[in-house]
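Asks: Quick one: the structure is below, questions incoming.
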Amino acid sequence: MSHDTATIEDLHGHDSHGHGEHGHMPFLAHHFDDPEQQFDSGKLGMWLFLVTEVLFFSGMFCAYSIYRSLHPEVWTFASQFLNETLGAFNTGVLLFSSLSMAWGVRCAQLRQRTGLVVCLAITLGCAAMFLGIKAIEYTHKWDMGLLPAGSYESQFLPGAHHEGLSPWLYVLSFVPAACVVGFGGWYLWTLAKGQKRLSEVAGPLLVTALCYFVGVFIGIAFQNAEASAHAKHGADTHAADKPADGHSTADHSAIESHSSALASDESHEAPHGDTSKETSSEKSHASQTSLVGPAHRAPGDPTEAQVDQAGGAGLFFSIYYCMTGVHAVHILGGMLVLAWLLVRATKDHFNEQYFGPVDYVGLYWHLVDLIWIYLFPLLYLIK
Amino acid sequence: MLLADKNATFWFPPAASTFAEEIDWFFLMILYISIFFFVLVVGAMVWFAIKFRRRPGYEGDSTALHNNALEITWTVIPTLIVCWIFAQGVYGYVDMMRVPPDTLDINVTARKWDWSFQYPNGAISDKLHLPNNQAIRLRMRSEDVLHAFYVPAFRAKSDVVPGRVTVMWFKPILEGEYDLFCAEYCGDQHSEMIKRHGVVVHDTAGYEQWLVEAAKPPLNPIAHGFWLYERQGCKSCHSTVEGKTVVGPSFARSFGQTFKNSKGEDVKFDEQYVRQSVLEPQAQFREGFQKVSQMPSFQGKLKEDEITAITAFLQSMKDDAFLQAVADGELSEADKQGLGIADDAKAETPAAVTN
Amino acid sequence: MSAHGSNHSQTDSDNFLINSKGFLSWALTLDHKRIGLMYLVGVMSAFCLAGVLALILRTELLTPDKLFLTNQQYNQVFTLHGAIMVFLFIIPSVPAALGNFLVPVMLGAKDVAFPRLNLSSFYLWVVGAIFFLSAMLYTGLDTGWTFYTPYSTTTQGPVVAATMGVFVLGFSSIFTGLNFIVTINTMRPPGMAWFKMPLFLWATYATSIIQVLATPVLGITVLLLAAERMLHIGIFDPAYNGDPVTYQHFFWFYSHPAVYIMILPGMGIISELMSVHSHKSIFGYRFIAYSSIAIALFGFLVWGHHMFTSGMAEVTTIIFSALTFSVSIPSAIKVFNWLATMYKGTVQLNTPMCYSLSFIFLFTIGGLTGLWLGALSTDRPLHDTYFVVAHFHYVMVGGTLVGFLGGVFHWWPKMTGKMFSELWGKISCLLIFLGFNITFLPQFVLGSRGMPRRYARYVEEFQELHQWSTYGSYLLGIGLFVALGVVIHSLMRGKKAPPNPWGGATLEWQCSSPPPFYNFMSPPTVNDPYDYTPLEYHGPEQGWEYVHPAQQPVPQTHPVPAKS
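Residue numbers (this note's numbering), protein chains in the order written: chain A, 101 to 483; chain B, 3 to 357; chain C, 37 to 600.
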């Protein structure tokens with residue numbers, strides 16, 4: 101075994117065939133002639149990879165446009181369930197992370213080691229914050245039954261808000277929490293041992309894990325603010341009757357304010373989600389008023405009759421989860437690569453001649469950001 | 003059928019619709035063009051391989067040759083030819099897509115793994131009966147997966163896509179019986195969707211006569227039950243031969259038996275069970291059949307008296323003579339007479355069956 | 037693998053096959069040549085498996101009724117045959133196996149641009165293959181290789197595992213393509229201008245473009261399909277307002293260009309073989325090179341011709357038909373140029389040349405029968421019948437497989453340093469040629485008489501033609517078996533190969549057989565790849581050698597402008 105490994109080392113490191121000129125550039129791979137060729141190859145490879153990424157997403161963008169053109173009313177209706185404020189905030193977070201990433205590339209080119217570490221840490225933190233906010237958005241929708249078409253069972257309560265935290269949020273937060281504990285412990289250990297370089301890795305990673313929770317709290321704060329705004333609005337327009345269980349006042353007033361308008365749609369079957377939580381009086385409410393826009397519904401918005409509850413809106417959420425889910429996976433993948441860069445940055449691997457990896461990851465990160473720039477208006481904003 | 007075979011040629015099945023003439027002619031034109039080019043290419047290849055082969059005393063030239071005129075020639079000529087083929091293909095295609103006025107409309111339902119046809123007077127059949135020299139428009143639906151309606155003799159084919167209504171038309175011009183195939187892969191029994199002589203082209207009078215007959219169900223409940231069995235698609239999954247499993251369990255000698263359902267409970271095959279299985283097929287699975295393709299519900303498709311008729315038919319499936327008669331999947335008039343379930347002899351129905 | 041002794045230019049320590057030993061030296065190698073050979077073994081094993089399945093299918097079809105397979109078993113076997121052939125054999129055959137070996141050597145580079153990525157793409161292939169095979173052998177996949185919805189979302193088979201296998205294989209394919217594009221763009225040595233590249237590299241470049249641009253769409257398609265099965269996202273399911281035809285569009289957007297992933301490298305091989313074995317500079321170099329790129333680009337615009345009967349809008353259908361015909365022209369140009377290359381040359385009818393002449397014969401039939409299927413009115417009755425089956429087998433087997441075998445025989449001496457038996461090589465070619473035609477010519481008639489594909493049972497009228505086809509397939513199987521025997525015999529007993537046994541002028545023939553670890557001891561002299569004038573035959577021991585260098589060696593540090 102050890103013999104074989106040695107042989108392989110020999111294979112790759114072996115410079116006996118007129119490649120001795122690489123000796124003073126440890127970063128230059130044996131099959132390249134000079135750093136420039138290596139950098140160009142890497143850069144072209146990265147651009148091609150980004151092309152495949154764009155095409156990968158293009159499949160979903162096509163699905164989006166096909167079904168949007170087939171069922172525009174469903175799209176108009178369903179997109180109002182998305183929280184624009186959180187979406188906009190997340191857009192800002194990602195844009196800022198792109199800035200820090202670009203700055204990091206510059207630091208690598210100028211061989212500013214500390215600057216690079218700080219920039220990478222900020223980028224990682226923003227990514228984690230993005231995911232934290234996304235976790236709030238997701239769990240909120242899962243609670244409301246806004247699921248992909250096959251399991252879609254919404255109460256049709258845009259702006260509805262459940263009291264307390266979703267149990268799903270605890271599930272999603274398990275790994276970040278474990279990261280906080282793990283990186284925290286590691287960080288303290290490196291401080292105790294006085295291992296400066298390792299603490300420069302552990303510190304940013306700890307901050308990253310904490311940033312997830314910052315994102316979660318920001319998300320909760322925004323949602324609570326919105327819920328109270330709705331509640332105020334509902335109280336102004338209607339004498340709210342007390343909800344019997346976990347539904348907030350806001351939900352109920354929304355139901356009430358539209359029950360008269362849609363009382364004729366009784367033929368519609370009541371949705372079955374969350375029935376265990378509901379009292380019988382609420383069920384009868386739901387069966388009469390299962391689909392209405394939010395309290396501030398515009399006159400042109402669709403009504404229940406226009407939207408096929410069985411699958412119409414579910415299809416929107418299928419596409420929403422596919423697109424944002426795959427995007428989130430790309431963020432996660434980006435975070436792993438950023439962490440790898442962080443380790444290499446603390447080892448001072450990058451310099452004026454060799455900054456390729458930082459540059460390539462930067463390109464990738466901007467693409468992930470760019471895709472979000474498209475997702476945000478397409479899913480959240482366009483009515 | 004004999005007539006149909008006589009009309010077949012080396013390349014084609016009988017030319018039984020107006021499309022056939024145009025398509026067959028075009029097919030042969032492309033064939034001649036292709037043979038010309040094929041002989042040209044392979045001939046040149048063989049000739050060069052012999053004439054310029056390495057041999058003593060022969061010295062070939064190895065320098066580069068270029069001839070732009072030649073390149074342009076062999077680019078332009080094939081281009082012109084494929085342009086013609088394209089245009090001719092579009093011409094025939096547009097003809098196939100433009101449904102003429104005054105068609106006879108027939109609704110087609112495809113399901114795993116059977117076809118059923120519904121005629122303007124409400125008659126339903128499992129073979130497609132058509133009048134000769136009359137443009138036919140099919141409105142096709144699928145109940146489950148993709149299928150494709152394909153009658154080679156008509157040169158007509160169209161996919162049947164679930165969630166869509168597909169329209170196709172053709173005009174038969176030759177009386178006879180033709181095979182109907184499913185041409186889009188649809189699962190286990192895809193090749194059992196062959197309907198041998200599944201398309202019957204009558205003369206106009208014959209068609210009218212058939213149509214009147216087809217719309218009339220038998221009065222005898224047992225015969226009526228079998229009539230429904232043949233037409234409603236039961237046949238494609240449940241056999242009438244004891245122990246023969248097509249997809250679901252066989253109907254032979256089932257009635258009155260007790261069996262285990264998928265939960266291990268005992269269930270009796272009785273009137274109530276038949277009714278439940280027809281309306282809510284997923285309520286009780288027979289043990290061992292949980293994994294097969296699921297039966298569709300007939301809620302809203304069968305009326306109560308029809309369910310009663312099916313029950314009567316299933317009940318008589320324990321009668322040896324009856325089993326014998328339906329073993330081949332058909333129930334002829336002679337069989338009905340013999341069993342005493344023909345409409346004019348329903349008073350003589352055996353007591354064992356009516357119980 | 038033991039190459040005893042050495043020729044004048046090489047010692048054992050340089051020979052890439054034996055310069056390091058042990059399992060790990062192969063399993064962890066970053067050498068493109070070893071990765072290429074590992075791919076070669078992998079794809080050939082996949083081919084043998086799928087070939088045996090094909091013989092099982094043909095045997096079942098001897099009779100119209102059941103012979104020994106149930107309907108369901110038949111469906112599983114044809115799914116397995118198609119899926120293995122497409123995903124595990126044809127797509128990686130030429131680009132990954134021969135391409136990996138040849139691209140850097142032909143280019144004059146030391147390795148591909150990303151050797152680690154290259155190795156990982158091989159292991160992704162292995163993982164994909166294991167995933168895929170275990171999924172299919174476990175309970176049996178019965179969807180057909182196309183995974184059409186809604187059947188694939190409702191059947192009991194292990195569709196999710198199989199689609200994940202396809203997903204992983206897709207990454208393997210993307211990484212290979214990406215690697216070749218970058219290699220060809222950035223790793224060309226001084227003097228290797230674009231239009232001095234061998235045509236095999238042009239074909240590989242065009243193939244790589246398709247791999248990089250089309251495969252991601254397959255990735256997202258199978259991902260959505262898996263999500264459809266597990267979460268019922270409804271995009272392809274009419275029960276939730278989705279549409280199965282959308283799936284077909286997504287699927288064929290990849291899978292039609294994939295057809296060109298399969299055939300373009302085969303065409304590249306034939307361009308090399310026709311020129312070398314006719315000892316004649318290639319006729320119309322630029323036309324062949326541009327036609328490869330044209331095929332790659334047009335190939336993206338014609339996917340709709342798989343769906344002429346699925347109910348697309350009329351105008352869309354007509355446009356797809358027009359585009360389909362446009363892609364036939366570049367292929368025709370290639371065939372005419374290959375023929376013109378033979379004209380006035382010195383044709384040596386050895387094994388690789390026999391394969392490449394069979395390629396032209398079979399591919400011409402495959403291409404011409406595409407005319408019926410591209411024309412809208414004749415496609416109606418022929419769609420989804422045996423006519424289509426025969427057509428694409430003529431292209432995929434008669435084209436790609438025969439081209440691949442020709443390429444394997446042509447570069448076998450280079451890869452292994454061993455010659456093979458010419459006589460048995462030619463016999464294998466003849467058997468394959470005859471067996472193939474007897475198998476698939478009757479299927480054109482079956483199709484035009486109306487025999488639909490994917491049928492385990494059929495009506496009696498078709499039996500005679502089916503039997504011809506089955507007997508032909510046995511002959512084809514024997515031919516392939518003989519071909520395998522030839523290469524195995526060559527490994528055991530083959531005579532030592534000279535560096536240039538055929539008289540090729542491309543760079544791989546300048547290095548020893550097999551090449552040294554770094555491919556070239558010193559930067560190679562970049563000549564016109566099809567200039568045979570300075571080569572002279574010195575008997576079977578020495579092969580062909582340069583009598584007077586066409587050009588001075590290029591100094592490494594001063595790139596000179598490309599000019600011959």
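Backbone N, C-alpha and C define an ideal beta-carbon position, used for all residues, glycine too.
Thinking B/L176 and B/P16 are a contact (beta carbons under 8 Å), I'd like their distance in whole angstroms, please.
Replies: Rounded, the Cβ-Cβ distance is 6 Å, consistent with contact.
Asks: List the DSSP bridge partners of B/S160.
Replies: Residue pairing from DSSP places B/S160 in a beta bridge opposite B/F151.
Asks: Around the C-beta of B/V214, are 16 or more other C-beta atoms found within 10 angstroms, so that it is buried, or is it exposed?
Replies: exposed
Asks: For a test of the three-state rule: what should DSSP assign to B/Y180, helix, strand or coil?
Replies: strand
Asks: Comparing the CB of C/P274 with every heavy atom of the ligand GDP, is any distance shorter than 8 Å?
Replies: Absence of the ligand GDP from the depicted structure is noted, as is the absence of any ligand whatsoever, leaving it without description.
Asks: What are the boundary residues of the alpha helix (DSSP H) that C/F158 is part of?
Replies: P151 to Y174
Asks: Chain C partners of A/I166, CB-CB under 7 Å?
Replies: T282
Asks: Use the C-beta contact count for B/A354: other C-beta atoms within 10 angstroms, 16 or more gives buried, fewer gives exposed.
Replies: In this prediction, B/A354 has a pLDDT of 41, which is less than 50 and means its spatial position is unreliable; nothing more can be read from the coordinates.
Asks: In the DSSP assignment, find the alpha helix (DSSP H) that holds C/N215 and state where it starts and stops.
Replies: V195 to T222
Asks: Measure the C-alpha to C-alpha separation of C/A262 and A/A163 and round it to an integer number of angstroms.
Replies: 15 Å
Asks: Helix, strand or coil, according to DSSP, for C/A229 in the structure here?
Replies: coil
Asks: Measuring CA to CA, which of C/M303, C/T240 and C/L409 is closest to C/S209?
Replies: C/T240
Asks: So B/Y152 contacts chain C; which residues on that side make the cut at Cβ distance below 7 Å?
Replies: Ordered by position in chain C, the residues that pass the 7 Å Cβ test against B/Y152 are P488.
Asks: Is any beta-carbon of chain B found at less than 9 Å from that of C/M378?
Replies: yes
Asks: Going along chain B, which residues have a C-beta under 8 Å from C/Q384?
Replies: Those are R55 and R56, listed as they occur along chain B.
Asks: Measure the Cβ-Cβ separation of C/A133 and C/Y75 and say whether it is below 9 Å.
Replies: yes
Asks: At a CB-CB cut-off below 7 Å, which residues of chain B make contact with C/G180?
Replies: Y187
Asks: Going by beta-carbon coordinates alone, are A/I482 and A/W175 separated by less than 9 Å?
Replies: yes
Asks: Counting pairs of beta carbons, one from the segment 218-230 of chain C and one from the segment 555-569 of chain C, are three or more of them closer than 8 Å?
Replies: yes
Asks: Note down the Cα distance separating C/W408 from C/L214, rounded to an integer number of angstroms.
Replies: 35 Å
Asks: Just tell me which of C/F553, C/Y573, C/T569 and C/P576 has its CA closest to the CA of C/N51.
Replies: C/F553
Asks: From the DSSP secondary-structure annotation, give me the bridge partner or partners of C/Y573.
Replies: DSSP output for C/Y573 lists C/W580 as bridge partner(s).
Asks: What does a CB cutoff of less than 8 Å around B/G262 pick up in its chain, not counting 5 residues either side in sequence?
Replies: Per the sequence presented here, residue 262 of chain B reads as Lys, with Gly not at that position. Taken in chain order, the residues that qualify are D268, V269, R288 and E289.
Asks: Any beta carbon of chain C sitting closer than 9 Å to that of A/P457?
Replies: no
Asks: What number of angstroms, rounded off, separates the C-alpha of B/L341 from the C-alpha of B/F315?
Replies: 13 Å
Asks: Taking the continuous alpha helix (DSSP H) assigned at C/N107, which residues delimit it?
Replies: N107 to A119
Asks: According to the Cβ coordinates, are C/W508 and C/G471 closer than 9 Å?
Replies: For clarity, residue 508 of chain C is Gly in the given sequence; the question names Trp instead. The answer is yes: Cβ separation under 9 Å.
Asks: Whole angstroms are fine: how far does the CA of B/P223 sit from the CA of B/Q339?
Replies: 14 Å
Asks: What whole-angstrom Cβ distance do C/L398 and B/A51 have, given they're in contact under 8 Å?
Replies: In fact, because the Cβ distance is near 16 Å, the residues do not count as touching under 8 Å.
Asks: Since C/L214 meets chain A, which of its residues come closer than 7 Å, beta carbon to beta carbon?
Replies: G145, L148 and F149
Asks: May I have the straight-line CA-CA distance separating A/G215 from A/H449, to the nearest angstrom?
Replies: 14 Å
Asks: Helix, strand or coil, according to DSSP, for B/P58 in the structure here?
Replies: coil
Asks: Under 9 Å between the Cβ atoms of C/Y430 and C/T405?
Replies: yes
Asks: Could you check if C/K57 is buried or exposed, using at least 16 other CB atoms within 10 Å of its CB as the buried criterion?
Replies: exposed
Asks: According to DSSP, is B/P16 part of a helix, a strand, or is it coil?
Replies: coil
Asks: Below 9 Å on C-beta distance, what does A/D140 contact in chain C?
Replies: Correct list: V218, N221 and T222.
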